[in-house]
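A.B. asks: Sharing a structure with you now.
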Amino acid sequence: MRTAPALEEDESLLLQHLADGALLTELPALLKISARKVSTLYGKLCDRLRAPRKPAVLLAICYATGAAQPAMLDPSDIAMPATERELLPLMAVGMTLKGMAQHLGLSRGMVERRAQSLMENLQAKTWAQAVHLGWQYQIVTADVVTAWLRTGAIGDTASDARPARSPALYIQAREAEVAETSRALCLVRGRSGELPVLSYWDQTADDRDEQGTLWARHSEVLSHSGRPVGPAVPGRHPIRQFNTMRRQRCRVGFCPARLDLGKGHAHLYLVTANELLPDGSGYRTVEPPTCIDHALLCAETEPRLQDGYTALLVSTSTISGVLGKRFAPLDDGINVGATRDEREFHPYADRDAMRSVLAYQLARDLTSYKPIDLRRLVRASFQTAPLSRPSAPRSSRPPGRLKSHPSDQPA
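Residue numbering for the sequence shown follows my numbering, starting at 1 and increasing by one per position.
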């Protein structure tokens, strides 16, 4: 790697203005010096860093060599499709739209549209500002820039531009969290004539929801603010999924997900064809909605959505039942065993059957909705802010167990 030269104060100020989206023609007024002095300052800085006279490339080289270093941001906070992410490293090394098209094997028109969408999603005024934000979100990396500095060429950025993995959803189980075994379950017989009820040997009031359904126990590893911590593992945490679906909060961060559309409100759900009800009257899902900020991130990275999805603005939905397992008594009539290994849908309406069900995920039927173009919705929300997003702080502590909430009404 090149040795990073020390920057003078006026050089640092110049870089900061470029990172903030200033044009070269705007620098004299911002730096309060003449245009000739700006040209000299900019030219000398490019020469010292051996950078072409392109603001985006100058910033990328400064960051890659350590001459300057912006504050880093959480990559999971940026919602951007991979087709746009792959353009940022190419901007950082000074490729033109024509060069990008040749490198990616696309038409120039297609690249131009993607670049425009990228700038809109980042709310960047210049390519230099886009590269700056791309560096902060770790989409543009030192490896790409230094490799280009050494060889003068850039490899395939498509794979590097995609997120390495899907976001760690709030509803996902974590590595150190442990599920209770079926040995903790038993069958309890009530008064004469009553059907036996599935229970825990040491059952508490928190083990059942307000419908009387028994829920799977799962330990939690939480931060001081009540957020799950540790590596995510496949599967949903039963209680976090219940609380998130019950209150229709965002699946990624338990943040508010209700959208104010002016003439009413709705929740944004991303559903697949497998969730369509057999009669075509709606969708049944155990996947909670997403807020507008996390929508594209989910769409681009969640494995369940990679074979296709439909974005719905849902105005009416009802909690219909649970995904769970039915248990039957063993020979002693007290201990129990699962009748099937697979989890199946069990409607709350079937009260007799629910006596022997252990619930793992809450299901909601989406009955009144409008299919929408997700990217257009997200872009519009950031450009003109027509969607009013609740301002409740994300640091508020989520509920711990099976509790109702004033906002737990059918959407």
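Glycine included, each C-beta is placed from N, C-alpha and C at the ideal position.
None of the values given here were measured: they were computed from a predicted structure.
1) When you compare each of 147, 278, 19 and 47 to residue 64 by their alpha carbons, which one comes out closest?
2) For the candidate residues 12, 211 and 137, whose alpha-carbon lies nearest to that of residue 320?
3) Starting from residue 346, follow its DSSP beta bridges and name the residues at the other end.
4) Kindly identify the DSSP beta-bridge partner or partners of residue 186.
5) From the DSSP output, in three-state form, read off residue 372 for me.
6) Just to confirm my understanding: we take residue 304, look at its own chain, exclude 5 residues before and 5 after, and list those with CB closer than 7 Å. What are they?
7) Return the CA-CA distance between residue 198 and residue 205, expressed in angstroms with no decimal places.
8) Three-state secondary structure (DSSP) at residue 254?
9) Using 10 angstroms around the beta-carbon of residue 349, count the other beta-carbons present and answer buried if the total reaches 16, otherwise exposed.
10) Grab me the residues of residue 171's own chain with a C-beta within less than 7 Å of its C-beta, minus the 5 sequence neighbours each way, in chain order.
11) Is it a yes or a no for the region 48-66 touching the region 9-29, going by three-plus beta-carbon pairs under 8 Å?
12) Run through DSSP, which three-state label would residue 103 get?
13) Between which two residues does the beta strand (DSSP E) containing residue 174 stretch?
14) Count the C-beta pairs between the region 255-275 and the region 213-228 that are closer than 8 Å, then say yes if the count reaches three, no if not.
15) Exposed or buried, residue 328, counting other C-beta atoms within 10 Å across all chains shown (16 or more means buried)?
16) Buried or exposed for residue 228, please, with buried defined as at least 16 other CB atoms from any protein chain shown within 10 angstroms of its CB.
17) Which one or two residues does DSSP pair with residue 365 in a beta bridge?
18) Can you give me the Cβ contacts of residue 390 inside the same chain, cut-off strictly under 7 Å, excluding the 5 residues immediately before and after it?
19) Across the region 99-116 and the region 37-45, are there enough close Cβ pairs to call them in contact, namely three or more that are closer than 8 Å?
20) Whose C-beta lies closer than 6 Å to the C-beta of residue 233 among residues of the same chain, with five residues either side of it excluded?
21) Can you grab the Cα-Cα spacing for the pair residue 360 / residue 282, in whole Å?
22) Looking only at its chain, what residues have a beta carbon closer than 7 Å to the beta carbon of residue 299, apart from the 5 residues adjacent to it on each side?
23) Can you look up residue 36 in the DSSP assignment and give me helix, strand or coil?
24) Please report how far the alpha carbon of residue 263 lies from the alpha carbon of residue 294, in whole angstroms.
25) Can you tell me where the alpha helix (DSSP H) with residue 232 in it begins and where it stops?
26) Report yes if the C-beta of residue 65 is less than 7 Å from at least one heavy atom of the ligand MG; otherwise report no.
27) Report the option in 78, 10, 181 and 34 whose CA atom is closest to the CA atom of residue 139.
28) Just verifying my parser: in three-state terms, what is the DSSP assignment at residue 94?
C.D. replies: According to the structure data:
1) 147
2) 211
3) 322
4) 199
5) strand
6) 272
7) 14 Å
8) coil
9) exposed
10) 236, 237, 240, 241, 244, 251 and 288
11) yes
12) helix
13) 172-174
14) no
15) exposed
16) buried
17) 284 and 318
18) Only weak support exists for where residue 390 lies, its pLDDT of 43 falling under 50; the coordinates are left without a value.
19) no
20) 173 and 175
21) 22 Å
22) 270, 305, 309 and 374
23) helix
24) 23 Å
25) Where residue 232 is concerned, there is no enclosing alpha helix (DSSP H), although the beta strand (DSSP E) it sits in stretches over 232-236.
26) Summarising the ligand content, the structure contains no ligands, and the ligand MG is consequently not present.
27) 78
28) coil
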